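For the sequence shown, my numbering assigns the number 8 to the initial residue and increments by one for each residue that follows. Positions of the beta carbon are idealized from the N, C-alpha and C atoms, including for glycine. Computed from a predicted structure; not experimentally measured. Read through the structure below, which is laid out as structure tokens, and then see the notes.
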Amino acid sequence: MSTLTPYNGSPVPYLGSLHLPIQRYGPGSNYQEDDHKLVVVMVGLPARGKSYIVKKLKRYLSWLGFNTKIFNVGDRRRRVADDYGNGINDAGNATTMRDTHTAVPSEANAGVKARPRRHSSAFFDPNNDKARAIRNMVAMDVLDDLILWLKSGGQVAIHDATNSTILRRRAILNRLQRDPEIKVLFVESICNDQRIIDRNIKLKTNGPDYVGMDPVAAEADFRARLCNYECAYNPLGEYEEHRDVQYCKIIDVGKKVIAYNIQGYIESQCVFYLMNINLHPRIIFITRHGQSEDNVLGRIGGDANLSEKGRKFAATLTEFVKQKIAAFAERTLAEQQQEEDEERQRPLSDSIALANGHSHYPPATSSLHEYPTSSETSSVDGTPQPSLEIWTSMLKRAMQTAEGFDPDVYTIRHLRALNEIYAGKREGMTYKEIMEQYPDEFEARRKNKFYYRYPGIGGESYADVVQKLQPIIVELERKRHSVMIVGHRAVVRTLLSYLMEIPTTHMPDMEVPLGYVYACEPRPFGNHLTVWKYLEDKDCFVEIDAKSALQIRQTNLMTPPAYDQDST
Ligand code: F6P
Numbered sequence: 008m009s010t011l012t013p014y015n016g017s018p019v020p021y022l023g024s025l026h027l028p029i030q031r032y033g034p035g036s037n038y039q040e041d042d043h044k045l046v047v048v049m050v051g052l053p054a055r056g057k058s059y060i061v062k063k064l065k066r067y068l069s070w071l072g073f074n075t076k077i078f079n080v081g082d083r084r085r086r087v088a089d090d091y092g093n094g095i096n097d098a099g100n101a102t103t104m105r106d107t108h109t110a111v112p113s114e115a116n117a118g119v120k121a122r123p124r125r126h127s128s129a130f131f132d133p134n135n136d137k138a139r140a141i142r143n144m145v146a147m148d149v150l151d152d153l154i155l156w157l158k159s160g161g162q163v164a165i166h167d168a169t170n171s172t173i174l175r176r177r178a179i180l181n182r183l184q185r186d187p188e189i190k191v192l193f194v195e196s197i198c199n200d201q202r203i204i205d206r207n208i209k210l211k212t213n214g215p216d217y218v219g220m221d222p223v224a225a226e227a228d229f230r231a232r233l234c235n236y237e238c239a240y241n242p243l244g245e246y247e248e249h250r251d252v253q254y255c256k257i258i259d260v261g262k263k264v265i266a267y268n269i270q271g272y273i274e275s276q277c278v279f280y281l282m283n284i285n286l287h288p289r290i291i292f293i294t295r296h297g298q299s300e301d302n303v304l305g306r307i308g309g310d311a312n313l314s315e316k317g318r319k320f321a322a323t324l325t326e327f328v329k330q331k332i333a334a335f336a337e338r339t340l341a342e343q344q345q346e347e348d349e350e351r352q353r354p355l356s357d358s359i360a361l362a363n364g365h366s367h368y369p370p371a372t373s374s375l376h377e378y379p380t381s382s383e384t385s386s387v388d389g390t391p392q393p394s395l396e397i398w399t400s401m402l403k404r405a406m407q408t409a410e411g412f413d414p415d416v417y418t419i420r421h422l423r424a425l426n427e428i429y430a431g432k433r434e435g436m437t438y439k440e441i442m443e444q445y446p447d448e449f450e451a452r453r454k455n456k457f458y459y460r461y462p463g464i465g466g467e468s469y470a471d472v473v474q475k476l477q478p479i480i481v482e483l484e485r486k487r488h489s490v491m492i493v494g495h496r497a498v499v500r501t502l503l504s505y506l507m508e509i510p511t512t513h514m515p516d517m518e519v520p521l522g523y524v525y526a527c528e529p530r531p532f533g534n535h536l537t538v539w540k541y542l543e544d545k546d547c548f549v550e551i552d553a554k555s556a557l558q559i560r561q562t563n564l565m566t567p568p569a570y571d572q573d574s575t
């Protein structure tokens with residue numbers, strides 16, 4: 008590994024340091040320190056938030072530049088249900104099931120839409136030998152696909168299944184450990200909170216296994232399935248330790264984490280990340296600073312003050328976000344109330360089991376526990392706690408944008424990591440000047456904006472910005488209340504790319520104009536995005552279509568400054 012070397016005109020960045028695997032992105036990667044393939048094997052009973060964890064982990068690792076893919080065994084099982092049914096009747100022989108899932112029931116040929124056969128709880132009975140053989144075969148078929156994918160260039164593959172018996176895990180290990188290039192990390196999700204489990208059961212009975220089924224029957228069947236799994240469940244432990252396998256147990260959404268023998272870089276990233284996630288309902292607001300004096304001139308970088316327009320935006324933004332936070336608190340409080348009412352109507356035995364629960368795993372579409380109704384609330388010792396933190400970069404234009412928030416009420420943090428992409432020797436220039444005076448550099452950036460690193464000491468690429476923002480992302484995951492981030496164009500693009508799962512290679516071309524406020528709210532299947540646009544003439548915000556707000560435009564470096572000058 009090399010240390011810092013001077014810029015050589017290449018659009019591919021040099022390595023930052025031994026421990027920052029910057030060049031893992033894309034071709035020509037020089038990332039060797041942990042250059043192995045990793046299989047994350049999920050373990051746990053149904054309805055324990057495994058798929059939620061898996062989706063988050065995939066989003067994080069992909070954003071960090073690791074080519075990551077989820078291999079879900081439940082999806083494959085559902086596809087083969089028509090061929091093998093419940094394994095009770097004639098389950099067929101144990102030939103490979105790949106490609107057999109397309110079998111169409113005969114009624115379909117007659118133009119009648121046939122409902123696919125589903126697996127009832129009997130299919131998950133550990134004493135149902137045929138069904139167990141089918142389940143194992145599906146899991147191993149998925150594992151084969153996963154290995155093929157790793158061989159063809161993938162880096163991190165996630166086997167998303169219950170894998171809840173030692174027999175199953177032994178088979179998986181035996182297959183994976185044949186290949187010295189492949190490392191294994193078991194991740195077990197354990198949840199003892201009955202309220203969380205009940206909510207997950209609700210999600211499951213609304214899921215693909217129970218489409219069109221009576222909800223009461225669906226719940227009864229799913230609970231019977233759970234019992235079947237519980238009978239045969241072997242948590243991670245002695246067996247894995249005996250084989251010296253890396254593992255991590257996440258208990259009650261990271262309240263307790265047990266890590267065993269974690270060695271690799273990616274593995275430690277996974278564990279660190281999973282230790283920090285939480286399910287508290289919150290909103291992450293992200294916006295760029297108000298228009299700066301440099302924006303008016305079309306100059307990049309620098310540390311200019313806000314323009315007149317920028318100050319006006321800042322004042323309106325402050326009131327707007329305060330209102331949104333108050334409305335969010337009210338909404339979530341009402342939902343909490345409703346949930347409590349529903350709980351009161353449950354049988355007593357259920358209520359006792361629910362008494363300890365607080366949060367949802369994954370988070371409810373909307374639910375809030377112990378959430379404040381105003382801009383601040385009290386902790387156990389009565390100290391006021393802000394329900395909103397404001398994070399800005401250390402650049403004047405961002406700090407000035409947040410000046411309207413009273414630091415006695417809100418925690419305000421100025422973080423260097425949020426500073427704009429540093430343009431090195433090109434700081435303070437306009438795009439036109441760069442194009443005219445340094446056409447080769449201009450062209451190199453246009454061709455490969457994500458990897459292109461500006462020349463000069465400290466010059467950055469978007470790949471560098473990802474590295475810089477990694478601790479911010481973990482901190483955002485760790486926070487239990489809402490946060491507003493006032494950043495800059497490249498920083499906002501990079502944050503949104505993580506939160507909304509936008510491929511990093513597209514991210515530098517995302518439209519992120521001044522005056523837009525992005526609000527991400529955690530939901531069971533990802534973050535929900537709302538976007539508002541500031542109308543300068545009316546001095547107010549209007550909601551706009553979130554999808555179109557995240558547009559990717561053709562790289563045209565001449566467009567942005569004009570955009571910033573006119574259209575807050
Ligand atoms: O023009 C505003 C700005 O934040 C610059 O300071 C920064 O260099 C630029 O935007 C980042 O956008 P892009 O990567 O599209 O050049």
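How many Å lie between residue i and residue j at the Cα?
i: Arg-530; j: Ile-208; result: 16 Å
i: Lys-493; j: Met-514; result: One point to set straight first is that residue 493 is Val, not Lys, in the sequence displayed. Going by the C-alpha atoms only, they are around 18 Å apart.
i: Glu-448; j: Lys-456; result: 11 Å
i: Ala-424; j: Lys-475; result: 6 Å
i: Asp-587; j: Met-282; result: Lying before the first or after the last residue shown, residue 587 is absent from the chain, which here runs from 8 to 575.
i: Leu-45; j: Val-191; result: 6 Å
i: Asp-200; j: Gly-411; result: 41 Å
i: Leu-557; j: Ile-509; result: 9 Å
i: Thr-323; j: Ala-341; result: 27 Å
i: Cys-485; j: Ile-284; result: According to the sequence provided, residue 485 is Arg. The question's Cys does not apply to it. Roughly 5 Å between the two C-alpha positions.
i: His-296; j: His-495; result: 6 Å
i: Gln-352; j: Asn-134; result: 37 Å
i: Cys-198; j: Met-401; result: 40 Å
i: Tyr-469; j: Leu-422; result: 18 Å
i: Phe-131; j: Arg-86; result: 16 Å
i: Pro-478; j: Glu-274; result: 16 Å
i: Gln-184; j: Asp-151; result: 13 Å
i: Asn-235; j: Lys-65; result: 29 Å
i: Pro-242; j: Arg-202; result: 21 Å
i: Val-519; j: Leu-157; result: 34 Å
i: Val-50; j: Ser-504; result: 29 Å
i: Thr-399; j: Asn-426; result: 8 Å
i: Leu-153; j: Gly-219; result: 31 Å
i: Arg-84; j: Arg-142; result: 7 Å
i: Thr-501; j: Leu-71; result: 11 Å
i: Leu-521; j: Tyr-417; result: 24 Å
CB-CB under 6 Å to residue i, same chain, minus the five flanking residues each way: which ones, in chain order?
i: Cys-527; result: Ile-291, Leu-506, Asn-534 and Leu-536
i: Ile-428; result: Glu-467, Val-472 and Ala-497
i: Ser-24; result: Residue confidence is low: Ser-24 scores 30 on pLDDT, short of 50, so the model does not pin down where it sits. Its coordinate-derived value is still stated next. Excluding residues within five positions, none has a Cβ falling inside 6 Å.
i: Ile-551; result: Val-538 and Lys-540
i: Ala-54; result: Ile-204, Asn-207, Ile-208 and Lys-211
i: Thr-408; result: His-296, Gly-297, Ala-321 and Val-493
i: Tyr-280; result: Tyr-67
i: Leu-174; result: none
i: Arg-176; result: Asn-170
i: Arg-433; result: Ile-441 and Tyr-461
Note down, in chain order, each residue of its chain lying with its Cβ closer than 8 Å to the Cβ of residue i, except the 5 sequence neighbours on either side.
i: Tyr-437; result: In the sequence on display, residue 437 carries Thr and not Tyr. Answer for Thr-437: Leu-304, Gly-305, Arg-306, Ile-307 and Pro-568, listed in chain order.
i: Tyr-240; result: Leu-52, Ser-171 and Thr-172
i: Gly-435; result: Asp-301, Arg-306, Ile-307, Gly-308 and Gly-309
I'd like the list of long-range same chain contacts for residue i, defined as Cβ closer than 7 Å, with 5 residues on each side in sequence excluded.
i: Gln-270; result: Gln-253
i: Leu-180; result: Val-191, Arg-250 and Val-252
i: Ile-559; result: His-513, Asp-516 and Met-517
i: Met-442; result: Phe-449
i: Glu-188; result: His-43 and Lys-44
When you compare the CB positions of residue i and residue j, do they come within less than 9 Å of one another, or not?
i: Ala-164; j: Val-47; result: yes
i: Lys-439; j: Asp-310; result: no
i: Val-80; j: Ala-146; result: yes
i: Met-491; j: Thr-294; result: yes
i: Ser-69; j: Asp-167; result: no
i: Asn-247; j: Tyr-267; result: According to the sequence as given, residue 247 is Glu; it is not Asn. For Glu-247 and Tyr-267, yes; Cβs fall inside 9 Å.
i: Val-488; j: Glu-396; result: A small correction: the amino acid at residue 488 is His; Val does not occupy that position in the sequence shown. The answer is yes: Cβ separation under 9 Å.
i: Ile-60; j: Ile-257; result: yes
i: Cys-277; j: Glu-195; result: no
i: Tyr-525; j: Val-499; result: yes
i: Asp-186; j: Arg-125; result: no
i: Ala-336; j: Ser-394; result: yes
At least three beta-carbon pairs within less than 8 Å, the segment 538 to 546 to the segment 309 to 323: yes
At least 3 beta-carbon pairs within less than 8 Å: the segment 66 to 77 vs the segment 153 to 167: yes
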